[in-house]
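Undergrad:
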Amino acid sequence: MKLKRRLIALAVCAACNELAAQPVPLQGDFGGVGLMQTPTARMMGEGNVSFGFSKVEPYGRLYLALQPFEWFEGVFRYTDIDTVAYAADVTGKQSTKDKGFDFKVRVWEESRWLPQVAVGLRDIGGTSLFSGEYVVASKRWNDLDFSLGMGWGYLAKRGDIENPLGWFHDGFNTRPNGGGGQGGTVALSSFFRGPAALFGGVQWQTPWEPLQLKLEYEGNNYRNDYGGPTVKQDSALNYGASYRLNDALTFHAGWERGNTMMIGVTLQGDFSPRSVSPRKVSDPPAEPVRATDARPEGPANWPDIAQRLEKSAGFRVDRIKQRERELVVEGEQRRYRPGPTGLGRAARVLDKAAGPDVDWLTLAEKRDGMPLVENSVNRESFRDAVRDEAPLAAVQRTVEHAEPMPRQETTLYEAPPADPLTWGTSLGYRQNLGGPDGFVLYQFNANLEAEYRLAPGTWLDGRLSANLLNNYDKFVYTAPSNLPRVRTLVREYLVSSDITMPVLQATHARRLEPEVYGMVYAGYLETMFAGVGGEMLYRPLNSPLAVGFNANWVKQRGFKQDFALRDYDVFTGHVSAYYRDLLPGTLLTLSAGRYLAGDWGGTVDIAREFSNGVRMGVWATQTNVSREQFGEGSFDKGFYLSVPFDVMGTRSTRDRANLVIQPLIRDGGARLQRERSLYDMTEERDSRFLHQNFPQIRD
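This note's numbering puts the first residue of the sequence shown at 1147, with every later residue one more than the last.
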């Protein structure tokens, strides 16, 4: 009681003063912005990602929360239940693991008089152990943030108020059992049904900035809880504190159910364009702009210019040509991902070298030998903008984003063939979460990667991988399957050899027509399959729509990932449509075709793409196999986060870090995991990122 009185006194004192600081949105026990057990209407900033862990006996929760839009929050969560044994455990030591997806949508923002309101669903499409729905409102007053909501399902097990939706239809008064069993079913018939309960609380930003205190009343009474009879509630009031060590790391502690300690930790990052990327101190300096107004006279040293373009602008030159008053450099950007950075650095070099008869500077960009786009900038407008003698918008208006086409031109320089062999090393990581053999199974490996260019647009590439550290020796469980085992043999592929060859592939890619690209490939295409295939893509310049097709005959590889093959083979392929900006900043991909297990169906993939290249996406696949055939999970689904390394590092690069969360590895809906796709290889044909990042032309 003393603790309660002290917290109430602190809240009263805070209400009496007028501190300017406002409470910062924090992650709750389940993941997602909330108090502890209950959500609030608050959201993280757009582009934020939170990864965290909370422990309230008998539940341990590991979660990943994404904020792809300012109005939408998505959460993926694993829950470990200490008091219940894992049904599939073969060691007798594993407790039950439950997987869940949540989402929350902001209905309207807070105003002077009205609160912020959000609607959310918790644990949708899972086993329904923790499923619930809610409507919640939040209102700030000085350094206090109050929340009040109504919940259903797990959030309302107290069931102490009549469901107001029952006034409109009697069906809302009863909540049927939804999901359960193998999970994966979205129990629409259960949403917002059954008895309801109120929940709410207050979050206080204390005068000490790192510390926030929380008081919460929850609508759950924990009777008949899945965790067993040891889960009891002595009080519906929960008390908590969160200490923000810095913007990235927050520690949580609390007292819940009147009898149980809570501890937690959250790592949070802002991957939106608002965040400031590290200075690229490892990049070579950009060349200074031309010092005088007079344009150079006399012949240029084109071999030297080609070397400077590669060093300063990351642009590997194939040819330098002139079309009337336009200087054209044809080649491939190898270092800078944002188009304006490479364009601006190249324009500095060319402006100092081009003769007086040149008014336009053009980069004719290729990727793997395929012409993609020509980006042109007016020479004098660029120079004036970089010297701050004209607004940046003036040079942006002069930039042309054009289709590469044959034209009358004079070749000034042709580069000698580059070294056909390139190679490098990298570190890799893979994991398996929530299985019966261990909550986290992991492997760190060292990779040797090499590529040999046989001709323009034709290459051979491969990768050797060596195991460094792992705990996959615990991985003994092979999941049951009612389909051909195309993915559920993952254990055998991971434990059979310490040295593997994940990829060894020959590829030829070319531009077939101005708007059509094609690619054929053969070899050991991925960890589990080898074969031959091809892809075609129709992608008009700057069009939001692109259409592609791929067809493959593949055969299952041996478990050691060497040159051996197994008996299973299949024809697989898909027709795909890509559409940008159905919602601002989104890429929608719809695919239909045949999957690796021979099943037929379709995949929906929607991703939020930020101007800095960060992607947050989710996918779901439904095929013609029944839920019983598919097994646990009912259908293939997951989400991913893709972050360019140059957002996080001090060196510019076109490489990415990819995190894929797939709750279950099953055989239904499995797709071939090819190393490259034509859509990604032709991303420069979309001028959106060029203009969104245009200020970087000065870098």
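All C-beta atoms, glycine included, are put in the ideal place defined by N, C-alpha and C.
1) In angstroms with no decimal places, state the Cα-to-Cα distance between Y1575 and L1587.
2) Quick one: what's I1270 bridged to in DSSP?
3) Cα-Cα, which of I1807, G1814, R1321, I1843 is closest to L1208?
4) So does G1719 have its beta carbon nearer than 6 Å to some heavy atom of the ligand ADP?
5) Alpha carbon to alpha carbon, what distance is there between F1717 and G1177?
6) W1765 lies in the beta strand (DSSP E); which residues open and close that run?
7) Going by the CB atoms, is the gap between A1382 and A1399 shorter than 7 Å?
8) Helix, strand or coil: how does DSSP classify R1657 here?
9) Contact between the stretch 1498-1507 and the stretch 1467-1478 is defined here as three or more beta-carbon pairs at a separation below 8 Å; is this criterion met?
10) Let me make sure I understand the geometry here. Which of R1188, W1313, G1373, L1311 has the alpha-carbon closest to that of D1227?
11) Pop quiz: P1484 and S1458 are said to be a contact at Cβ under 8 Å. What is the actual Cβ separation, rounded to whole angstroms?
12) Candidates P1424, L1507, D1782: which alpha carbon is nearest V1545's?
13) I think M1516 touches Y1667, with their Cβ atoms under 8 Å apart; what is that distance to the nearest whole Å?
14) Count the other CB atoms, across all protein chains shown, that sit within 10 Å of the CB of V1541; report buried if there are 16 or more and exposed otherwise.
15) Would you report the Cα separation of A1452 and A1561, rounded to the nearest angstrom?
16) Measure the alpha-carbon distance for N1405 versus M1182 and round it to whole angstroms.
17) Whose CA, out of A1536, E1456, R1321, lies closest to the CA of L1509?
18) I need the boundaries of the alpha helix (DSSP H) containing P1449, first residue and last residue.
19) As an exercise, report each continuous alpha helix (DSSP H) stretch of at least 4 residues that is fully enclosed by the stretch 1418-1505, in chain order.
20) Name the one or two DSSP bridge partners that G1347 has.
21) When DSSP builds the beta bridges, which residues end up paired with T1406?
22) Quick one, which of V1202, W1254, F1197 has its alpha-carbon nearest W1217's?
23) Rounded to a whole number of angstroms, what is the C-alpha to C-alpha distance between R1822 and D1514?
24) Can you tell me where the alpha helix (DSSP H) holding D1792 begins and where it ends?
25) Given a cut-off of 7 Å, decide if P1185 and D1282 are closer than it, judged by their beta-carbon atoms.
26) Roughly how many angstroms lie between the CA atoms of R1304 and N1367, to the nearest whole one?
27) Quick one: what's got a C-beta closer than 7 Å to V1463's C-beta in the same chain, skipping five residues either side?
28) To which residues does DSSP link I1811 through a beta bridge?
29) Nearest by alpha-carbon distance to R1543: which of R1491, V1427, P1550, S1527 is it?
30) Helix, strand or coil: how does DSSP classify R1773 here?
31) Distance check for G1266 and R1339, CA to CA, integer angstroms please.
32) Would you give the residue range spanned by the alpha helix (DSSP H) that S1527 belongs to?
33) Starting from the Cα of V1764, find the closest Cα among E1661, Y1786, Y1205, R1740 and give me that residue.
34) Do you know how far the Cα of S1335 is from the Cα of G1325?
35) Going by beta-carbon coordinates alone, are F1247 and F1222 separated by less than 7 Å?
36) Restricting to Cα atoms, I'd like to know which of P1686, F1695, Y1639 is closest to E1672.
TA: Reading off the structure:
1) As a first step, residue 1575 must be located in the sequence shown, where it is residue number 429. As a first step, residue 1587 must be located in the sequence shown, where it is residue number 441. The alpha-carbon atoms of Y1575 and L1587 are separated by roughly 11 Å.
2) Taking the sequence shown and counting its residues from 1, one reaches residue 1270 at position 124. Bridge partners of I1270: F1247.
3) Stepping through the sequence shown from its first residue, residue 1208 is reached at position 62. Nearest of I1807, G1814, R1321, I1843 to L1208, Cα basis: I1807.
4) Absence of the ligand ADP is noted for the structure shown, with no ligands found whatsoever.
5) Within the sequence shown, the letter at position 31 stands for residue 1177. Within the sequence shown, the letter at position 571 stands for residue 1717. Straight-line Cα distance between these residues: approximately 41 Å.
6) Taking the sequence shown and counting its residues from 1, the one referred to as residue 1765 is at position 619. Where W1765 is concerned, the enclosing beta strand (DSSP E) stretches over 1761-1769.
7) Translated into the one-based positions of the sequence shown, residue 1399 becomes position 253. Translated into the one-based positions of the sequence shown, residue 1382 becomes position 236. By the CB criterion at 7 Å, A1399 and A1382 fall outside the cutoff.
8) On the sequence shown, position 511 is the one that residue 1657 refers to. Residue state, collapsed to three classes: strand.
9) Here the stretch 1498-1507 makes contact with the stretch 1467-1478; the two share three or more CB pairs at distances below 8 Å.
10) On the sequence shown, residue 1227 is found 81 positions in, with the first residue counted as 1. According to the sequence provided, residue 1227 is Ile. The question's Asp does not apply to it. Checking every option, the nearest Cα to that of I1227 belongs to G1373.
11) Here residue 1484 corresponds to residue number 338 of the sequence shown, with the count starting at 1. Here residue 1458 corresponds to residue number 312 of the sequence shown, with the count starting at 1. Wrong, their Cβ atoms sit about 15 Å apart, outside the cutoff.
12) Looking up residue 1545 in the sequence shown gives position 399. Minimum Cα distance to V1545 is reached at L1507.
13) Residue numbering aside, residue 1516 sits at position 370 when the sequence shown is read from its first letter. Residue numbering aside, residue 1667 sits at position 521 when the sequence shown is read from its first letter. With a Cβ gap of about 14 Å, M1516 and Y1667 do not count as contacting.
14) Stepping through the sequence shown from its first residue, residue 1541 is reached at position 395. Under this definition V1541 is a buried residue.
15) Walking along the sequence shown from the start, residue 1452 turns up at place 306. Walking along the sequence shown from the start, residue 1561 turns up at place 415. The alpha-carbon atoms of A1452 and A1561 are separated by roughly 8 Å.
16) In the sequence shown, residue 1405 corresponds to position 259, counting from 1. In the sequence shown, residue 1182 corresponds to position 36, counting from 1. Approximately 15 Å, taken between the alpha carbons.
17) In the sequence shown, residue 1509 corresponds to position 363, counting from 1. Of the candidates A1536, E1456, R1321, the one whose C-alpha sits nearest the C-alpha of L1509 is E1456.
18) In the sequence shown, residue 1449 corresponds to position 303, counting from 1. For P1449, the enclosing alpha helix (DSSP H) starts and ends at 1448-1459.
19) Counting whole runs of 4 or more residues, the stretch 1418-1505 contains the alpha helix (DSSP H) stretches 1448-1459, 1485-1499.
20) Taking the sequence shown and counting its residues from 1, the one referred to as residue 1347 is at position 201. According to DSSP, residue pairing for G1347 in a beta bridge involves S1293, E1362.
21) Within the sequence shown, the letter at position 260 stands for residue 1406. Per DSSP, E1402.
22) In the sequence shown, counting from the first residue as 1, residue 1217 sits at position 71. The residue from V1202, W1254, F1197 with its alpha-carbon nearest to that of W1217 is W1254.
23) Numbered from its first residue, the sequence shown carries residue 1822 at position 676. Numbered from its first residue, the sequence shown carries residue 1514 at position 368. Rounded to the nearest angstrom, the gap between the Cα atoms of R1822 and D1514 is 11 Å.
24) As a first step, residue 1792 must be located in the sequence shown, where it is residue number 646. Per DSSP, the unbroken alpha helix (DSSP H) holding D1792 starts and ends at 1791-1794.
25) Residue mapping note: residue 1282 aligns to position 136 of the sequence shown, counting from 1. Residue mapping note: residue 1185 aligns to position 39 of the sequence shown, counting from 1. The amino acid at residue 1282 is misidentified as Asp; the sequence shows Val. Yes, they are a contact pair.
26) Residue mapping note: residue 1304 aligns to position 158 of the sequence shown, counting from 1. Residue mapping note: residue 1367 aligns to position 221 of the sequence shown, counting from 1. Taking the CA atoms as reference points, R1304 sits about 5 Å from N1367.
27) Within the sequence shown, the letter at position 317 stands for residue 1463. Answer for V1463: A1452, L1455, E1456, V1475, G1477, A1561, listed in chain order.
28) Counting from one through the sequence shown, the residue named residue 1811 turns up at place 665. None, per the DSSP bridge assignment.
29) Walking along the sequence shown from the start, residue 1543 turns up at place 397. Considering only R1491, V1427, P1550, S1527, the residue with the shortest C-alpha distance to R1543 is S1527.
30) On the sequence shown, residue 1773 is found 627 positions in, with the first residue counted as 1. Helix.
31) Start at 1 with the first residue of the sequence shown, and residue 1339 comes out as number 193. Start at 1 with the first residue of the sequence shown, and residue 1266 comes out as number 120. Going by C-alpha positions, R1339 is about 14 Å away from G1266.
32) Along the sequence shown, one-based indexing puts residue 1527 at 381. S1527 -> alpha helix (DSSP H) spans 1525-1532.
33) The sequence position of residue 1764 within the sequence shown is 618, counting from 1. Checked all of E1661, Y1786, Y1205, R1740; the closest Cα to V1764 is Y1786.
34) In the sequence shown, the residue the question calls residue 1325 occupies position 179. In the sequence shown, the residue the question calls residue 1335 occupies position 189. Legend: pLDDT at G1325 = 47, less than 50; position of this residue unreliable, no value from coordinates given.
35) Sequence index remark: in the sequence shown, residue 1247 carries index 101 (1-based). Sequence index remark: in the sequence shown, residue 1222 carries index 76 (1-based). Closer than 7 Å, so yes.
36) Translated into the one-based positions of the sequence shown, residue 1672 becomes position 526. By alpha-carbon distance to E1672, the top candidate from P1686, F1695, Y1639 is Y1639.
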